[in-house]
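Participant:
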Amino acid sequence: MFQAVSYEGTRSEQHTAVLGQLSALIRDEPSAIANLANAAALLNVFLTDTNWVGFYLYDGKELVLGPFQGLPACIRIPLGRGVCGTSAAEKRTLVVDDVHAFPGHIACDAASNSEIVVPIIKDGQLYGVLDIDSPIKNRFDDEDRIFLEKAVSLLVEQL
């Protein structure tokens, strides 16, 4: 059973605590959808100043909306389009300080001003992306990137 905790200490200590919680939540659970749903919920509870946390899953052609926390979102995103599609196509994490300056940005929520997208790669193949939006410009930094890449690595082990 999940128990909410007060995240205290340095950012690094908080990240370690959340990664431990994520590991416990997904351990021995074979359902990818259940694990992604719990991961979105956990990250949504932990991260401050965000307005959308979720996953887009690759169906072999495009990204399709998966488990998330936030307002209703765009359902399909072509590879190479917007922040999510670009991250997926390039298979690399993108940190965008101002989404309005990103060429081809797809505005699912007008309140979003910055974004981080981490690709999910399993056995060298694109599985999907973790997408997190914030209403604050410059919300995400390198420490966030490292933390979220570790979270995705934990998920990949269970996919």
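Residue numbering for the sequence shown follows our numbering, beginning at 1450 and increasing consecutively. Idealized CB from N, CA, C, for every residue including glycine. This structure is a prediction, so every number in the text was calculated from the model and none was measured.
1. According to DSSP, simplified to helix, strand and coil, what is phenylalanine 1596?
2. With a CB to CB cut of under 6 Å and the five nearest residues on each side skipped, what residues in its chain are close to alanine 1538?
3. Find out if the Cβ-Cβ distance for the pair valine 1532, valine 1502 is shorter than 9 Å.
4. Taking the CB atoms as reference points, tell me whether leucine 1575 and lysine 1540 lie closer together than 9 Å.
5. Roughly how many whole angstroms lie between the Cα atoms of isoleucine 1526 and leucine 1491?
6. What are the partner residues of glycine 1531, as DSSP defines its beta bridges?
7. Return the residue from the list Leu1608, Phe1596, Val1605, Gln1607 that minimises the CA-CA distance to serine 1468.
8. Are the Cβ atoms of asparagine 1493 and leucine 1520 separated by less than 9 Å?
Facilitator: Quick answer:
1. helix
2. Leu1528, Gly1529.
3. no
4. yes
5. Isoleucine 1526 and leucine 1491: Cα-Cα distance of roughly 24 Å.
6. Glycine 1531 is not bridged to any residue.
7. Inspection of the sequence shows that residue 1468 is occupied by leucine rather than by serine. Ranking Leu1608, Phe1596, Val1605, Gln1607 by Cα distance to leucine 1468 puts Phe1596 first.
8. no
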